[in-house]
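J.: Got a structure for you, written out below as structure tokens; questions coming shortly.
Numbering (our numbering), first residue to last: 197 to 557.
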């Protein structure tokens, strides 16, 4: 495979109601079948009228921007100072819901296209019907990435090709079957297009030539790239996840369950919090019947239906700050137990033991 990445020059400023198909076809009469058009989402939004009026500066501008951001937000993921990472109504997780104030008049903000997949399909259809061009279209925008510095362009919408190339079931040259490999090829092509579009060069469209031999209609679009919520292991920022866990722990039912406790579930819960508890804090699942009976006898309000015990210990000497942290650690453990389906009751430490607190399960 040999790829070429070509700029589409001369499109100029795009305004509401402009015909993108005509602008692109006029600026790039050299387009041919099988090309992949990487179109910056901003010109799609401008042509579709996805702009809002705001004050040019001052507190009123910030208030108006916050109001627009709230309307474009389906869920807040993380907030740090003025930075807000949110999930849009499309399902994308982005800073400020993709709202952009660059390359536009200071009194306006540009929102993401309402339906980027539909925008890509409409542009592809117009180029095919009016200019006899069979091309794929990617609507792209810039995003940050978790765990990595720097930005890159990704696909928000696509038409004419699948968003993902699925290698599962294929065998590599060493005879290993691939089980997880799904390549987000439209993101890779969007990033390739950005290499020549730039941010200040007013080149909103790039053409990647040589990747496709034939295009194909595909109704799935870029929606295929949005991870299902139940599969998202990082749906909240660190501070937000901690706050949500502690809030959930604060309202947990105070009592053990009706059924005997699965020891494996208790071990998993303890392991889940092992890396975040205070240094030196230890939680032990008491499984020896004789030891547990002795400890139970020492606890004044041991619930009758409890079948297991977890002891929490802090290393001496203990200062007030350690106790506050240990209280939060207990709540984390109760939350982890609840996630495993194990209710618990917080008890005072058993007399005669070295424990600082106990959980009846």
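By construction, the Cβ of each residue, glycine as well, lies at the ideal position given by its N, Cα and C atoms.
Is residue 288 near residue 352, with beta carbons less than 8 Å apart?
T.: Locating residue 288 in the chain shown gives position 92, where the first residue counts as 1. Locating residue 352 in the chain shown gives position 156, where the first residue counts as 1. Against a cut-off of 8 Å, the Cβ pair of residue 352 and residue 288 comes out as a contact.
J.: What distance in whole Å lies between the Cβ atoms of residue 303 and residue 249, which are believed to be in contact at a cut-off of 8 Å?
T.: Mapped onto the chain shown, residue 249 falls at position 53. Mapped onto the chain shown, residue 303 falls at position 107. Their Cβ separation, rounded to whole angstroms, is 6 Å, which keeps residue 249 and residue 303 in contact under 8 Å.
J.: To the nearest angstrom, how far is it from the Cα of residue 504 to the Cα of residue 495?
T.: Against the chain shown, residue 504 aligns to sequence position 308. Against the chain shown, residue 495 aligns to sequence position 299. For residue 504 and residue 495, the distance between alpha carbons rounds to 13 Å.
J.: Ordered along the chain, which non-local residues of its own chain (more than five positions away) have a Cβ less than 6 Å from that of residue 202?
T.: By one-based count along the chain shown, residue 202 stands at place 6. Taken in chain order, the residues that qualify are 403.
J.: Would residue 448 pass as a contact of residue 344 if the rule is Cβ separation under 8 Å?
T.: Within the chain shown, numbered from 1, the residue matching residue 448 stands at position 252. Within the chain shown, numbered from 1, the residue matching residue 344 stands at position 148. Against a cut-off of 8 Å, the Cβ pair of residue 344 and residue 448 comes out as no contact.
J.: Just list the alpha helix (DSSP H) runs in the stretch 216 to 285, keeping only unbroken ones of 4 residues or longer that don't cross its boundaries, in chain order.
T.: DSSP runs (the alpha helix (DSSP H)) wholly in the stretch 216 to 285: 216 to 223, 237 to 243 and 255 to 268.
J.: With DSSP as the reference, label residue 292 as helix, strand or coil.
T.: Counting from 1 along the chain shown, the entry for residue 292 is found at position 96. Three-state DSSP puts residue 292 in a helix.
J.: Among 334, 374, 212 and 554, which one has its Cα closest to the Cα of residue 237?
T.: Counting from one through the chain shown, the residue named residue 237 turns up at place 41. Of 334, 374, 212 and 554, the residue nearest in Cα terms is 334.
J.: From what residue to what residue does the beta strand (DSSP E) around residue 384 run?
T.: Locating residue 384 in the chain shown gives position 188, where the first residue counts as 1. Element bounds for residue 384: not the beta strand (DSSP E) but the alpha helix (DSSP H), 381 to 393.
J.: What number of angstroms, rounded off, separates the C-alpha of residue 369 from the C-alpha of residue 474?
T.: Mapped onto the chain shown, residue 369 falls at position 173. Mapped onto the chain shown, residue 474 falls at position 278. Going from the Cα of residue 369 to the Cα of residue 474 covers about 48 Å.
J.: Helix, strand or coil for residue 429, going by three-state DSSP, please let me know.
T.: Counting from one through the chain shown, the residue named residue 429 turns up at place 233. Coil, per DSSP.
J.: Run through DSSP, which three-state label would residue 197 get?
T.: For the purposes of this step, residue 197 is taken as residue 1 along the chain shown, with counting starting at 1. Coil, per DSSP.
J.: Starting from the Cα of residue 258, find the closest Cα among 292, 241 and 233 and give me that residue.
T.: If you number the chain shown from 1, residue 258 lands on position 62. Ranking the options by Cα distance to residue 258, first place goes to 292.
J.: Check the C-beta distance from residue 506 over to residue 557 and give it rounded, since I have them as a contact under 8 Å.
T.: The sequence position of residue 506 within the chain shown is 310, counting from 1. The sequence position of residue 557 within the chain shown is 361, counting from 1. With 8 Å as the limit, residue 506 and residue 557 qualify as a contact, their Cβ atoms being about 7 Å apart.
J.: Is the distance from the Cβ of residue 418 to the Cβ of residue 331 below 8 Å?
T.: As a working mapping, residue 418 is identified with position 222 in the chain shown. As a working mapping, residue 331 is identified with position 135 in the chain shown. In this structure, residue 331 does not lie closer than 8 Å to residue 418 by Cβ.
J.: Would you kindly work out how many angstroms separate the C-alpha atoms of residue 371 and residue 305, rounded to a whole number?
T.: Taking the chain shown and counting its residues from 1, one reaches residue 371 at position 175. Taking the chain shown and counting its residues from 1, one reaches residue 305 at position 109. Cα to Cα, the separation comes out at about 53 Å.
J.: Counting along the chain, where does the beta strand (DSSP E) carrying residue 350 start and finish?
T.: Stepping through the chain shown from its first residue, residue 350 is reached at position 154. Looking at the DSSP string, the run of the beta strand (DSSP E) that includes residue 350 is 344 to 355.
J.: Output yes or no for whether 8 Å exceeds the beta carbon distance between residue 174 and residue 509.
T.: Residue 174 cannot be examined here, being either before or after the span of the chain that is shown, 197 to 557.
J.: Beta carbon of residue 282, beta carbon of residue 271: below 8 Å?
T.: Taking the first residue of the chain shown as position 1, residue 282 is located at position 86. Taking the first residue of the chain shown as position 1, residue 271 is located at position 75. It is a contact, given that the beta carbons lie within the stated cut-off.
J.: Which residue comes first and which comes last in the beta strand (DSSP E) that contains residue 306?
T.: Residue numbering aside, residue 306 sits at position 110 when the chain shown is read from its first letter. Looking at the DSSP string, the run of the beta strand (DSSP E) that includes residue 306 is 304 to 306.
J.: Let me make sure I understand the geometry here. Which of 215, 364, 552 and 383 has the alpha-carbon closest to that of residue 521?
T.: Counting from 1 along the chain shown, the entry for residue 521 is found at position 325. Closest by alpha carbon: 552.
J.: Assuming residue 508 is part of the beta strand (DSSP E), what are its boundary residues?
T.: Working through the chain shown from its first residue, we reach residue 508 at position 312. Taken as a continuous stretch (DSSP letters only), the beta strand (DSSP E) holding residue 508 covers 505 to 509.
J.: Mind checking which residues open and close the alpha helix (DSSP H) that includes residue 441?
T.: Counting from 1 along the chain shown, the entry for residue 441 is found at position 245. First-last of the alpha helix (DSSP H) with residue 441: 434 to 446.
J.: Looking at the unbroken alpha helix (DSSP H) that takes in residue 315, where does it start and where does it end?
T.: Locating residue 315 in the chain shown gives position 119, where the first residue counts as 1. Taken as a continuous stretch (DSSP letters only), the alpha helix (DSSP H) holding residue 315 covers 312 to 327.
J.: Buried or exposed: residue 326, going by 16 or more other Cβ atoms within 10 Å of its Cβ?
T.: Numbered from 1 along the chain shown, position 130 holds the residue referred to as residue 326. Looking at its Cβ environment, which holds fewer than 16 other Cβ atoms inside 10 Å, residue 326 is exposed.
J.: With distances taken between CB atoms, is the gap from residue 538 to residue 461 smaller than 8 Å?
T.: Mapped onto the chain shown, residue 538 falls at position 342. Mapped onto the chain shown, residue 461 falls at position 265. Yes, the Cβ-Cβ distance between residue 538 and residue 461 is below 8 Å.
J.: Could you tell me whether the Cβ atoms of residue 432 and residue 224 are closer together than 8 Å?
T.: The residue labelled residue 432 in the question sits at position 236 within the chain shown. The residue labelled residue 224 in the question sits at position 28 within the chain shown. Not closer than 8 Å, so no.
J.: Which whole-angstrom value is the C-beta distance of residue 360 and residue 379, which I expect to be below 8 Å?
T.: If you number the chain shown from 1, residue 360 lands on position 164. If you number the chain shown from 1, residue 379 lands on position 183. Indeed, because the Cβ distance is near 7 Å, the residues count as touching under 8 Å.
J.: Any chance the CB of residue 271 is under 7 Å from a heavy atom of the ligand NAD?
T.: Annotation note on the ligand NAD: not contained in the displayed structure, which lists no ligands.
J.: From residue 358 to residue 385, what does the alpha carbon distance come to, in whole angstroms?
T.: Position 162 of the chain shown, counting from 1, holds the residue named residue 358. Position 189 of the chain shown, counting from 1, holds the residue named residue 385. Approximately 12 Å, taken between the alpha carbons.
J.: With 16 as the cutoff for other CB atoms within 10 Å, does residue 298 come out buried or exposed?
T.: Here residue 298 is taken as the residue at index 102 of the chain shown, counted from 1. With fewer than 16 other Cβ atoms within 10 Å, it is exposed.
J.: Less than 7 Å between C-beta atoms, sequence neighbours within five positions excluded: which residues of the same chain meet that for residue 534?
T.: Taking the first residue of the chain shown as 1, we reach residue 534 at position 338. Correct list, in chain order: 448.
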